[in-house]
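Written as structure tokens, this is what we have:
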């Protein structure tokens with residue numbers, strides 16, 4: 077019997093600089109940036125009878141990363157062999173099924189990767205070798221400056237000294253309690269920080285709510301709030317006659333409104349099907 081531990085989503089930003097000496101004795105070292113990494117990282121500890129297998133999902137945006145994490149949780153529970161042979165799973169098809177038409181049209185830069193026991197099992201696009209190297213060294217543990225420095229040296233083949241600036245902030249924590257599943261969310265939006273929590277109660281001990289369903293619900297909330305923030309900024313730009321200075325089109329604005337409406341309906345459907353409690357209160361999605 078598998079047991080899924082607490083899932084944690086981190087927003088990560090990493091800058092790697094190569095230190096170069098100045099021309100004179102009095103010159104300070106100059107830093108030349110050689111690597112910049114930005115992604116969201118979800119750690120999923122999977123406990124088996126033999127050991128705890130570290131599973132990590134990375135991605136370009138929070139909703140997509142969360143939805144892929146839900147896919148991974150469901151697939152591992154359906155077939156525990158996915159932990160032994162993760163590359164045999166058709167992660168590509170699972171990922172494509174999670175991409176909405178809106179994302180296909182306007183979030184084409186979205187990508188995800190899956191790492192099992194430090195091994196890269198899937199990446200939706202090339203060009204993330206440094207992140208794969210980081211996960212091969214981290215094995216599900218926290219990413220540190222020293223670890224990033226080692227990974228960067230391995231990828232770049234650098235012989236010179238490297239300096240690392242690594243910032244990691246917790247955004248979501250999913251935890252399982254006897255009577256409900258809980259998502260604690262720390263938000264940074266429009267230069268403001270806030271937090272709220274969602275509790276989804278099991279109908280009965282014999283009929284628990286799927287963890288993947290709650291992760292997907294939280295992903296819908298996160299995406300809806302992102303679209304609300306975008307629409308609010310558009311309204312401000314219209315009021316100040318600045319919209320013409322951007323590349324935002326009327327078609328994109330309408331598509332964003334439609335996608336937000338679709339997400340709000342999905343959220344309401346989930347709330348009707350489950351007992352959902354917000355603390356301190358449900359965020360305003362409109």
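Residue numbers (my numbering): 77 to 362. All C-beta atoms in this analysis are idealised placements derived from N, C-alpha and C, irrespective of residue type, glycine included.
- Residue environment analysis places residue 146 among the buried positions, since at least 16 neighbouring C-beta atoms fall within 10 angstroms of its C-beta.
- In this structure residue 188 is buried. Its beta-carbon is surrounded by 16 or more other beta-carbon atoms within 10 angstroms.
- A straight line joining the alpha-carbon of residue 339 with that of residue 297 spans about 8 Å.
- Per DSSP, reduced to three states, the secondary structure at residue 357 is coil, with no helix or strand assignment.
- Nearest in C-alpha terms to residue 274, of all of 356, 77 and 88, is 356.
- Cβ contact annotation for residue 185 (same chain, cutoff 8 Å, sequence separation greater than five): 136, in chain order.
- Residue 87 and residue 289 have their C-alpha atoms some 22 Å from each other.
- Taking the Cβ atoms as the reference, residue 152 lies roughly 11 Å from residue 133, outside the contact range of under 8 Å.
- Annotation: residue 191 is outside any alpha helix (DSSP H); the continuous beta strand (DSSP E) that includes it extends over 188-192.
- Comparing alpha carbon positions, the residue from 83, 95 and 112 closest to residue 89 is 112.
- If you keep only unbroken beta strand (DSSP E) runs of at least 3 residues inside the segment 89-174, you get 106-123 and 128-135.
- A distance below 8 Å between beta-carbons, with the five flanking residues on each side excluded, links residue 150 to the following residues of its chain, in chain order: 286 and 288.
- In this structure, residue 213 sits away from residue 192, with a CB-CB distance that is not shorter than 8 Å.
- Taking the Cα of residue 238 as reference, the smallest distance to any Cα among 78, 83, 110 and 85 is reached at 110.
- In terms of Cβ geometry, residue 272 and residue 351 do not form a close pair [threshold 8 Å].
- Comparing C-alpha distances from residue 124 to each of 157, 262, 258 and 168 shows the shortest one belongs to 157.
- Residue state for residue 214 is assigned as helix, using DSSP reduced to three classes.
- For residue 348, the enclosing alpha helix (DSSP H) stretches over residues 326-349.
- In this structure residue 126 is exposed. Its beta-carbon is surrounded by fewer than 16 other beta-carbon atoms within 10 angstroms.
- Residue 77 counts as exposed, since fewer than 16 other beta carbons sit within 10 angstroms of its beta carbon.
- For residue 296, the enclosing alpha helix (DSSP H) begins and ends at 287-315.
- In the structure shown, residue 245 adopts extended strand secondary structure according to DSSP, grouped into three states.
- For residue 271, the enclosing beta strand (DSSP E) begins and ends at 268-277.
- The three-state secondary structure of residue 321, taken from DSSP, is helix.
- Scanning its chain for C-beta atoms nearer than 7 Å, with the 5 sequence neighbours on each side dropped, one finds around residue 256 the residues 275, 276, 277 and 278, in chain order.
- The DSSP-derived three-state label of residue 199 is strand.
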